[in-house]
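Using our numbering, the first residue of the sequence shown is number 32, and each one after it goes up by one.
Every residue gets a Cβ at the ideal spot worked out from N, C-alpha and C, and that includes glycine.
Notes follow the structure.
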Amino acid sequence: MTPALSRRSVLRAAGTVTLATGIALALPAGAFAADQYDALRLKWRELLLGSGLFDAAEPMFAGRLADLGNSAQGHWDTMAPATGSLWPDQPWTSSSSGDQVTASYERLKTMALAHSRPGTGLTGDSSLATAIAAGLDHVHAQVYNTTYTAGSGWWWNTQIGAAHALLDVCVLMYDRLTADRVAAYCASVDHFLPDSRVSSYTGQSTGANRVDFCRTYALRGVVGKNSAKIALGRDALSPVFPFVAAGDGFHTDGSFIQHTYVPYTGSYGSVLLGGLAWLFALLKGSAWEITDPGRQLILDSVERSFAPFVYNGLLMDGVCGRAVSRGLSAGATYPSNDHTRAHGLMASILLLGLGASASEQARWKAMVKGWLDRDAYVPLPTDQFLDVPSLGRLASLQDDSTVTAAAEPVEHRLFPKMARAVHRRPAWAASLSMSASDITFYENGNGENLRAWHTGNGMLYWWGGTYGLGQYSDAFWPTVDPYRLPGATVSRKTLSDGEGGQWGVARPSSTWVGGATDGEFAAVGMDVRGLSSTLVGRKSWFFVDDAVICLGGGIRCTDGTGVESIVDNRNLGASGSHALTVDGVAQPSALGWNATFPRASWATIAGFGGYVFPGGASVKALREERTGSWHDINTLSGSTTPLTRRYLTLWFDHGTDPAAGSYAYVLLPGADPATTAARAAAAGWLTVLANTVNQQGVSVPSLGLTAVNFYGGGTVGKVSATAGVSVMIRESGSTATICVADPTRQRTTVDVTWNRPVGQVTAKDPSVTVLGTGTSVSLRIDLDGKAGATQKATVTLA
Numbered sequence: 032m033t034p035a036l037s038r039r040s041v042l043r044a045a046g047t048v049t050l051a052t053g054i055a056l057a058l059p060a061g062a063f064a065a066d067q068y069d070a071l072r073l074k075w076r077e078l079l080l081g082s083g084l085f086d087a088a089e090p091m092f093a094g095r096l097a098d099l100g101n102s103a104q105g106h107w108d109t110m111a112p113a114t115g116s117l118w119p120d121q122p123w124t125s126s127s128s129g130d131q132v133t134a135s136y137e138r139l140k141t142m143a144l145a146h147s148r149p150g151t152g153l154t155g156d157s158s159l160a161t162a163i164a165a166g167l168d169h170v171h172a173q174v175y176n177t178t179y180t181a182g183s184g185w186w187w188n189t190q191i192g193a194a195h196a197l198l199d200v201c202v203l204m205y206d207r208l209t210a211d212r213v214a215a216y217c218a219s220v221d222h223f224l225p226d227s228r229v230s231s232y233t234g235q236s237t238g239a240n241r242v243d244f245c246r247t248y249a250l251r252g253v254v255g256k257n258s259a260k261i262a263l264g265r266d267a268l269s270p271v272f273p274f275v276a277a278g279d280g281f282h283t284d285g286s287f288i289q290h291t292y293v294p295y296t297g298s299y300g301s302v303l304l305g306g307l308a309w310l311f312a313l314l315k316g317s318a319w320e321i322t323d324p325g326r327q328l329i330l331d332s333v334e335r336s337f338a339p340f341v342y343n344g345l346l347m348d349g350v351c352g353r354a355v356s357r358g359l360s361a362g363a364t365y366p367s368n369d370h371t372r373a374h375g376l377m378a379s380i381l382l383l384g385l386g387a388s389a390s391e392q393a394r395w396k397a398m399v400k401g402w403l404d405r406d407a408y409v410p411l412p413t414d415q416f417l418d419v420p421s422l423g424r425l426a427s428l429q430d431d432s433t434v435t436a437a438a439e440p441v442e443h444r445l446f447p448k449m450a451r452a453v454h455r456r457p458a459w460a461a462s463l464s465m466s467a468s469d470i471t472f473y474e475n476g477n478g479e480n481l482r483a484w485h486t487g488n489g490m491l492y493w494w495g496g497t498y499g500l501g502q503y504s505d506a507f508w509p510t511v512d513p514y515r516l517p518g519a520t521v522s523r524k525t526l527s528d529g530e531g532g533q534w535g536v537a538r539p540s541s542t543w544v545g546g547a548t549d550g551e552f553a554a555v556g557m558d559v560r561g562l563s564s565t566l567v568g569r570k571s572w573f574f575v576d577d578a579v580i581c582l583g584g585g586i587r588c589t590d591g592t593g594v595e596s597i598v599d600n601r602n603l604g605a606s607g608s609h610a611l612t613v614d615g616v617a618q619p620s621a622l623g624w625n626a627t628f629p630r631a632s633w634a635t636i637a638g639f640g641g642y643v644f645p646g647g648a649s650v651k652a653l654r655e656e657r658t659g660s661w662h663d664i665n666t667l668s669g670s671t672t673p674l675t676r677r678y679l680t681l682w683f684d685h686g687t688d689p690a691a692g693s694y695a696y697v698l699l700p701g702a703d704p705a706t707t708a709a710r711a712a713a714a715g716w717l718t719v720l721a722n723t724v725n726q727q728g729v730s731v732p733s734l735g736l737t738a739v740n741f742y743g744g745g746t747v748g749k750v751s752a753t754a755g756v757s758v759m760i761r762e763s764g765s766t767a768t769i770c771v772a773d774p775t776r777q778r779t780t781v782d783v784t785w786n787r788p789v790g791q792v793t794a795k796d797p798s799v800t801v802l803g804t805g806t807s808v809s810l811r812i813d814l815d816g817k818a819g820a821t822q823k824a825t826v827t828l829a
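This is the structure:
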């Protein structure tokens with residue numbers, strides 16, 4: 032280890048600096064002649080700086096640039112090279128995780144950006160350049176070099192975090208570095224990330240991590256002028272492109288999974304897309320352009336995998352895993368949330384467009400502009416997490432009058448492989464999170480997301496088009512009762528932080544999860560199991576035009592605790608007092624108020640929507656104020672600042688150790704008391720055909736809908752199935768569409784009969800065989816290898 036260096040002599044010196052390794056660094060150097068590597072390096076520099084994307088004098092950017100300069104100045108002022116650290120608050124030791132090394136390089140990158148961008152107050156400062164060079168040398172000499180042996184927990188920092196930041200600084204400060212210095216840094220990267228890291232597509236070298244490794248290789252090749260490294264970074268991407276049958280990666284239904292069991296489209300998936308966007312943009316038109324035909328699957332994923340989870344400027348939490356617990360970091364003044372995560376994804380989509388076709392670019396721009404225009408909760412200028420280039424791309428698009436914003440689609444999307452569903456209507460959207468033997472209840476790890484135990488037990492998120500967009504953004508996760516997540520059925524058994532184990536290992540034993548959809552309506556269900564609990568039961572959701580019909584049956588438990596099914600748990604904000612009306616009677620607005628309504632027919636929460644309880648039901652309600660901190664659920668980085676939010680909760684109390692609990696309710700987003708009361712009074716609108724441990728089904732005649740989730744073979748109403756499948760039938764005029772899916776993804780065939788006079792089958796998927804028509808229609812559906820996808824047949828009605 033080198034002895035402590037004098038801050039004054041190292042940080043304020045000009046001219047030639049002799050580094051601890053004995054290599055002389057002349058400032059500036061201009062070490063290399065221009066070539067194809069320099070072209071790529073300059074392209075990366077332009078991407079980093081956002082050149083041409085913003086006006087430094089424009090207020091939206093001027094403040095950010097000034098903040099960048101202030102941050103850089105703060106790092107410069109506190110930089111104090113010493114044995115074991117570059118900054119006193121970031122000491123690196125062999126027993127640490129390496130976070131401090133990444134943090135040190137990130138601070139140097141902040142200083143380099145301030146030196147390179149206009150409007151920071153430090154642009155072109157030669158003394159700052161000297162300090163950055165000295166800082167690079169100090170970290171290299173002490174820890175990030177070819178002789179340092181890092182602990183096993185360092186892998187992400189040394190191979191991704193620190194490597195990326197170091198190489199970015201090299202690009203930004205390239206003209207201030209000698210060839211020997213650049214070679215030494217590249218050798219360090221090679222030491223920590225050998226080529227063998229991508230020799231097989233397994234373990235940590237999959238999905239988003241693999242893309243990050245490839246970024247390291249490619250940029251190391253650019254900085255160090257090494258064609259083989261760039262080619263390795265390009266070629267090692269290929270395993271990321273194809274669909275996977277299980278585990279990490281993209282699946283044919285649009286699912287994205289990381290850590291084997293975790294739906295992660297909005298976090299790791301977003302990182303993967305962003306990483307690919309940078310590499311596609313960097314290498315396009317070069318000798319190393321990415322030409323693998325599989326790259327089209329990534330371009331297709333924008334609309335197949337990512338867009339379904341973005342709604343009016345937010346990225347749905349149900350596919351963001353541990354990221355939902357990172358709302359406010361210690362020392363931060365501004366929280367991240369589902370909207371800021373969405374903005375980052377949008378910027379990546381626009382960057383990816385640089386490597387896409389003109390038609391793809393046009394569609395993506397229209398889609399992103401629509402999201403931005405409709406984001407009333409975090410308007411673009413207020414998002415403090417966007418870097419200047421990303422903000423520049425998004426702001427330029429939003430101001431572009433030649434691009435017409437696309438409307439939100441009206442559709443239903445099922446993702447069987449990751450047990451997720453998304454329902455979109457003209458004025459609202461909903462998202463459903465479930466779990467099964469191959470999809471975790473929730474993921475925690477590194478002290479993050481410690482109390483999301485029940486998010487996979489049927490949590491039903493929903494937002495209005497112009498209201499409720501901050502429902503899960505406004506300190507929801509640190510303040511909500513984690514046992515009362517909306518839509519979930521749970522045991523009140525006390526669970527410990529991180530219950531069940533880290534990295535998604537906690538999974539139920541059940542296999543029935545998913546459903547059938549025609550792309551607009553859906554029948555979805557799950558075989559419920561409780562985390563570290565004896566809880567079992569069956570839950571179904573029938574998604575229709577203006578409502579979600581929710582059923583629960585066969586609910587039993589022997590934990591010795593109460594069991595509840597949560598109708599809803601609305602976040603009213605710091606001071607909200609939204610009125611609750613039950614059967615036409617306004618309820619008290621005092622905090623701490625609670626009540627039981629033995630025969631409630633309907634209820635509304637002002638500003639949100641309505642709830643109908645078919646036939647009447649015993650419903651409990653609570654209005655409360657809850658306080659928590661982000662550190663409560665994220666000990667890694669969460670702020671300890673206490674936050675208080677008000678909640679209005681409706682739920683069914685199944686009692687202690689229920690043997691056959693059940694419930695039924697209809698969610699009506701946006702409905703007022705008059706609309707909700709009218710729906711409750713319309714006795715013929717909904718018929719619950721079954722709600723047991725074996726089957727759950729409904730009929731809505733006005734919509735031509737009959738839908739049944741069979742957990743085993745049997746008959747419900749006019750529909751029979753020989754095995755456990757999901758069946759949805761929609762009649763329209765003289766025709767009907769029969770949709771069948773296998774939520775277990777294990778069956779080979781099933782016979783389905785609809786006892787309704789049918790003339791003929793006019794269209795069908797190849798998997799469907801017609802066994803008979805006439806007084807009824809019988810179909811045999813080949814489910815083998817269909818991965819839970821819906822199989823369809825269209826018939827004429829006799």
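Which of helix, strand or coil does DSSP assign to residue i?
{"i": "residue 92", "result": "helix"}
{"i": "residue 185", "result": "helix"}
{"i": "residue 308", "result": "helix"}
{"i": "residue 602", "result": "strand"}
{"i": "residue 469", "result": "coil"}
{"i": "residue 614", "result": "coil"}
{"i": "residue 797", "result": "coil"}
{"i": "residue 63", "result": "A caution first: residue 63 carries a pLDDT of 40, below 50, which makes its placement in the model unreliable, though a value can still be read off. If DSSP states are grouped into helix, strand and coil, residue 63 belongs with coil."}
{"i": "residue 54", "result": "Because residue 54 carries a pLDDT of 29, less than 50, the predicted location of this residue cannot be relied on, and the following value inherits that uncertainty. Note: residue 54 maps to coil in three-state DSSP."}
{"i": "residue 776", "result": "coil"}
{"i": "residue 819", "result": "coil"}
Starting from residue i, trace the alpha helix (DSSP H) in both directions and tell me its first and last residue.
{"i": "residue 704", "result": "704 to 712"}
{"i": "residue 369", "result": "369 to 383"}
{"i": "residue 73", "result": "67 to 80"}
{"i": "residue 426", "result": "419 to 429"}
Cutting at 6 Å between CB atoms, please list the residues of its own chain near residue i, excluding the five before and the five after it.
{"i": "residue 640", "result": "699, 700, 701, 702"}
{"i": "residue 53", "result": "For residue 53, the pLDDT reaches just 30, beneath the cut-off of 50, and the residue's location in the model is therefore unreliable, leaving the point undetermined."}
{"i": "residue 291", "result": "278"}
{"i": "residue 169", "result": "112, 117"}
{"i": "residue 453", "result": "339, 444, 462"}
{"i": "residue 62", "result": "For residue 62, the predicted structure reports a pLDDT of 39, less than 50, and the residue's modelled location is therefore unreliable. A value from the coordinates is still provided. Once the five neighbours on either side are set aside, the close Cβ partners of residue 62 are 209, 210."}
The beta strand (DSSP E) spanning residue i covers which residue range?
{"i": "residue 288", "result": "287 to 289"}
{"i": "residue 494", "result": "490 to 495"}
Can you list, in chain order, the residues of its chain whose CB lies under 8 Å from that of residue i, leaving out five sequence neighbours each side?
{"i": "residue 67", "result": "317, 318"}
{"i": "residue 375", "result": "301, 305, 416, 417, 421"}
{"i": "residue 690", "result": "587"}
{"i": "residue 450", "result": "294, 464, 465, 466, 467, 470, 487, 544, 545, 557"}
Measure from the alpha carbon of residue i to the alpha carbon of each residue in the options, then state which is nearest.
{"i": "residue 638", "options": "438, 112, 727, 459", "result": "459"}
{"i": "residue 194", "options": "619, 236, 140, 465", "result": "140"}
{"i": "residue 163", "options": "238, 705, 145", "result": "145"}
{"i": "residue 106", "options": "799, 658, 120, 216", "result": "120"}
Here's a check: name, in chain order, each residue in its chain whose Cβ is nearer than 7 Å to the Cβ of residue i, leaving out the five neighbours to either side.
{"i": "residue 122", "result": "115, 116, 131"}
{"i": "residue 218", "result": "177"}
{"i": "residue 552", "result": "443, 574, 575, 736, 759, 761"}
{"i": "residue 516", "result": "485, 486, 490, 597, 600"}
{"i": "residue 747", "result": "720, 721, 726, 728, 739"}
{"i": "residue 326", "result": "272"}
{"i": "residue 811", "result": "780, 782, 800, 802"}
How about residue i: is its Cβ closer than 7 Å to a heavy atom in the ligand SAM?
{"i": "residue 698", "result": "Ligands in the displayed structure: none, and consequently the ligand SAM is not present."}
| said: Under 8 Å: do the segment 467 to 479 and the segment 567 to 576 share three or more Cβ pairs, one atom per stretch? | reply: no
| Does the segment 363 to 375 come within contact of the segment 518 to 528, defined as at least 3 CB pairs closer than 8 Å? | no
| Is the segment 816 to 824 touching the segment 771 to 783, taking contact as three or more C-beta pairs under 8 Å? | yes
| task | Mind the definition here: the segment 659 to 670 touches the segment 423 to 438 only if three or more C-beta pairs lie below 8 Å; say whether that holds. | result | no
| query | Can at least three beta-carbon pairs, one atom from the segment 648 to 655 and one from the segment 625 to 632, be found at a separation below 8 Å? | reply | yes
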